[in-house]
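Please read the structure below before turning to the comments.
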Amino acid sequence: MSNWIAQDKIRDRFSRAMSEMYRQEVPQYGTLLALVDTVNRETLAASPELHAALRESDELARLDVERHGAIRVGTPQELAMLRRLFAVMGMYPVGYYDLSEAGVPVHSTAFRPVDDGALKRNPFRVFTSLLRLELIDDPELRQRAAEILAARDIFTPAARELIATAERQGGLDEAQAERFVAEALETFRWHREATVDLATYRALSDEHRLIADVVCFRGPHINHLTPRTLDIDEVQRRMPEAGIDPKAIIEGPPRRDCPILLRQTSFKALEEAIRFAGDEQGHHSARFGEIEQRGVALTRKGRALYDRLLTASREGGPAADNASHQAKLSAVFGDFPDDPDTLRREGLAFFHYRAVSNASVNTGPGGEGDVEALIARGSLVATPMTYEDFLPVSAAGIFQSNLGDGVRDDYASHSNQAQFEEALGARVTDEIALYEQRQQASLEQALAELAGTG
Ligand code: OOG
Ligand code: NI
Numbered sequence: 001m002s003n004w005i006a007q008d009k010i011r012d013r014f015s016r017a018m019s020e021m022y023r024q025e026v027p028q029y030g031t032l033l034a035l036v037d038t039v040n041r042e043t044l045a046a047s048p049e050l051h052a053a054l055r056e057s058d059e060l061a062r063l064d065v066e067r068h069g070a071i072r073v074g075t076p077q078e079l080a081m082l083r084r085l086f087a088v089m090g091m092y093p094v095g096y097y098d099l100s101e102a103g104v105p106v107h108s109t110a111f112r113p114v115d116d117g118a119l120k121r122n123p124f125r126v127f128t129s130l131l132r133l134e135l136i137d138d139p140e141l142r143q144r145a146a147e148i149l150a151a152r153d154i155f156t157p158a159a160r161e162l163i164a165t166a167e168r169q170g171g172l173d174e175a176q177a178e179r180f181v182a183e184a185l186e187t188f189r190w191h192r193e194a195t196v197d198l199a200t201y202r203a204l205s206d207e208h209r210l211i212a213d214v215v216c217f218r219g220p221h222i223n224h225l226t227p228r229t230l231d232i233d234e235v236q237r238r239m240p241e242a243g244i245d246p247k248a249i250i251e252g253p254p255r256r257d258c259p260i261l262l263r264q265t266s267f268k269a270l271e272e273a274i275r276f277a278g279d280e281q282g283h284h285s286a287r288f289g290e291i292e293q294r295g296v297a298l299t300r301k302g303r304a305l306y307d308r309l310l311t312a313s314r315e316g317g318p319a320a321d322n323a324s325h326q327a328k329l330s331a332v333f334g335d336f337p338d339d340p341d342t343l344r345r346e347g348l349a350f351f352h353y354r355a356v357s358n359a360s361v362n363t364g365p366g367g368e369g370d371v372e373a374l375i376a377r378g379s380l381v382a383t384p385m386t387y388e389d390f391l392p393v394s395a396a397g398i399f400q401s402n403l404g405d406g407v408r409d410d411y412a413s414h415s416n417q418a419q420f421e422e423a424l425g426a427r428v429t430d431e432i433a434l435y436e437q438r439q440q441a442s443l444e445q446a447l448a449e450l451a452g453t454g
């Protein structure tokens with residue numbers, strides 16, 4: 001028995017500490033958490049089926065702590081070190097998101113837990129973007145930004161040391177884990193002082209506000225922390241009475257009986273007072289609030305259908321308001337099956353399989369037909385697998401609505417996963433392959449149990 005603290009426990013402590021820090025930094029976040037909590041309770045009380053389903057999939061317990069955050073870093077070295085930091089907490093890079101397609105000069109991954117047990121415990125995810133300085137045209141500005149970034153260290157010396165210790169030992173003991181959480185948190189803290197003068201900030205901001213956000217500060221401040229709601233339409237509706245002013249449109253798919261992927265809405269970044277070098281006063285807005293509702297993960301086939309319908313829903317330009325946007329979406333998404341059985345049989349979504357009795361059943365060679373028969377007989381139960389990732393299109397929407405910048409076509413078509421992975425120092429896991437594996441493993445386990453060998 002080793003005396004190392006479980007990675008799941010370190011991640012759980014870290015995400016709670018992050019949430020507490022952000023609550024103090026951004027009071028509206030606390031208001032939002034209270035609103036989400038109220039609506040979640042009401043939704044569960046009104047729907048015993050949903051309550052039972054969440055309990056059965058072990059998601060009820062994680063709901064209260066479930067968050068995602070987002071950060072942006074400036075150099076390959078920073079990204080590579082973050083990968084090591086997150087690994088201490090059992091968070092690994094999943095998915096590649098090319099934001100240049102949306103006119104934002106970054107590409108990204110999500111650090112998150114990957115296996116069933118870890119996801120149940122606390123699915124904390126951090127959307128992490130790397131600035132692509134090579135997309136800045138002006139060579140002088142590019143050089144200046146690179147120099148500023150080279151001069152900073154976003155990690156405390158103790159955080160660096162504890163990461164190395166965890167790697168060397170294969171874990172952290174109680175005291176080390178406690179210090180690790182405190183030291184790692186420092187990287188994500190907000191700083192009211194910029195590292196550059198106002199003129200430099202403005203030059204970078206004129207190129208793209210996100211570049212200024214990454215380059216001009218001591219570290220990659222957490223820019224939002226998003227709780228999971230069970231009814232995003234209701235939270236959106238109540239935001240104004242809680243003093244929160246949401247953006248007009250809920251992003252992602254429409255409201256459905258069987259929710260797919262995720263739906264998100266956010267409220268505006270805070271305008272914050274900044275002290276620039278040379279004691280000049282100015283402002284910067286980086287931080288915002290967001291909520292999301294999660295649904296079932298889609299297969300490649302399901303994702304392709306989602307993409308096609310979303311594109312179709314955009315024909316004729318943007319809708320006047322959220323109500324007409326949602327109505328239009330719902331009409332177009334009529335072509336997306338909306339019950340779990342059809343989603344499963346048509347291979348559009350991922351499911352967890354579970355054996356319901358230990359009575360020995362002849363599962364035969366385990367072909368598709370057998371699975372259907374077992375489900376029909378009630379020996380095998382399939383429950384929707386929650387989507388744990390982000391929407392590329394939605395992410396771009398969030399970036400844009402919160403930075404208030406126009407789209408820059410000249411950043412487009414520079415997808416470069418290989419370059420991102422080189423900076424990261426590791427490959428990113430394909431998210432769809434991961435859902436596939438988890439589905440397959442649960443099926444094999446369930447069939448083995450039914451056959452009496454599990
Ligand atoms: C990240 C935006 C992506 C989401 O929920 O899609 C994201 C950022 O603004 O840095 O968090
Ligand atoms: Ni977000």
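First residue of the sequence shown: 1, per the working numbering; consecutive thereafter. We treat Cβ as the ideally placed atom computed from N, Cα and C, and that holds for glycine.
Exercise. Is there contact here, the region 26 to 35 with the region 235 to 244, by at least three beta-carbon pairs under 8 Å?
Worked result: yes
Exercise. Could you check where the beta strand (DSSP E) with residue 353 kicks off and where it finishes?
Worked result: Position 353 of the sequence shown holds residue 353. Looking at the DSSP string, the run of the beta strand (DSSP E) that includes residue 353 is 351 to 355.
For this session: Taking only the alpha-carbon atoms, compute the straight-line gap between residue 445 and residue 438 and give it to the nearest angstrom.
Result: Working through the sequence shown from its first residue, we reach residue 445 at position 445. Working through the sequence shown from its first residue, we reach residue 438 at position 438. In a straight line, the C-alpha of residue 445 is about 11 Å away from that of residue 438.
Problem set entry | Best match in 352, 313, 351 and 344 for proximity to residue 333 [C-alpha to C-alpha] | Here residue 333 refers to the residue found at position 333 when the sequence shown is read from its first residue. Nearest C-alpha to residue 333: 313.
Problem set entry | Burial state of residue 200 (16 or more Cβ within 10 Å) | Counting from one through the sequence shown, the residue named residue 200 turns up at place 200. By the neighbour-count rule (16 or more Cβ atoms within 10 Å), residue 200 is buried.
Exercise. Apart from the five residues just before and just after residue 176, which ones in its own chain have a Cβ nearer than 7 Å to its Cβ?
Worked result: In the sequence shown, residue 176 corresponds to position 176, counting from 1. The residues are 162 and 165.
Exercise. Pick from 356, 331 and 290: whose alpha carbon is nearest that of residue 235?
Worked result: Counting from 1 along the sequence shown, the entry for residue 235 is found at position 235. Comparing Cα positions, the closest option is 290.
For this session: Just the C-alpha distance for residue 273 and residue 217, rounded to the nearest angstrom, thanks.
Result: Counting from one through the sequence shown, the residue named residue 273 turns up at place 273. Counting from one through the sequence shown, the residue named residue 217 turns up at place 217. If you take the alpha carbons of residue 273 and residue 217, they lie about 13 Å apart.
Exercise. Pairing CB atoms from the region 88 to 107 with CB atoms from the region 255 to 265, are three or more of them under 8 Å?
Worked result: no
Exercise. How is residue 230 classed by DSSP in three states: helix, strand or coil?
Worked result: Translated into the one-based positions of the sequence shown, residue 230 becomes position 230. Three-state result, residue 230: coil.
Problem set entry | Reduced DSSP category for residue 381 - H, G, I as helix; E, B as strand; rest coil | The residue you call residue 381 lines up with position 381 of the sequence shown. Residue 381: strand per DSSP, three-state reduction.
Problem set entry | For residue 262: DSSP bridge partner residues | Walking along the sequence shown from the start, residue 262 turns up at place 262. BP columns for residue 262 point to 294.
Problem set entry | Span separating the alpha-carbon of residue 451 from that of residue 113 | By 1-based counting over the sequence shown, the position of residue 451 is 451. By 1-based counting over the sequence shown, the position of residue 113 is 113. The straight-line gap from Cα to Cα measures roughly 31 Å.
Problem set entry | Distance between beta carbons of residue 72 and residue 129, contact taken as under 8 Å | The sequence position of residue 129 within the sequence shown is 129, counting from 1. The sequence position of residue 72 within the sequence shown is 72, counting from 1. 4 Å between Cβ atoms; contact.
Problem set entry | Counted within 10 angstroms of its Cβ, other Cβ atoms place residue 286 as buried (16 or more) or exposed | Mapped onto the sequence shown, residue 286 falls at position 286. Buried.
Problem set entry | Beta bridge counterpart(s) of residue 131 as assigned by DSSP | Here residue 131 refers to the residue found at position 131 of the sequence shown. DSSP output for residue 131 lists 106 as bridge partner(s).
Problem set entry | Nearest-angstrom Cα separation, counted from residue 357 out to residue 77 | Taking the first residue of the sequence shown as 1, we reach residue 77 at position 77. Taking the first residue of the sequence shown as 1, we reach residue 357 at position 357. Cα to Cα, the separation comes out at about 51 Å.
Exercise. What's the gap between the Cα of residue 436 and the Cα of residue 304?
Worked result: For the purposes of this step, residue 436 is taken as residue 436 along the sequence shown, with counting starting at 1. For the purposes of this step, residue 304 is taken as residue 304 along the sequence shown, with counting starting at 1. Roughly 16 Å between the two C-alpha positions.
Exercise. Does the ligand OOG have a heavy atom nearer than 8 Å to the CB of residue 270?
Worked result: Taking the first residue of the sequence shown as position 1, residue 270 is located at position 270. Checking the Cβ of residue 270 against the ligand OOG gives no.
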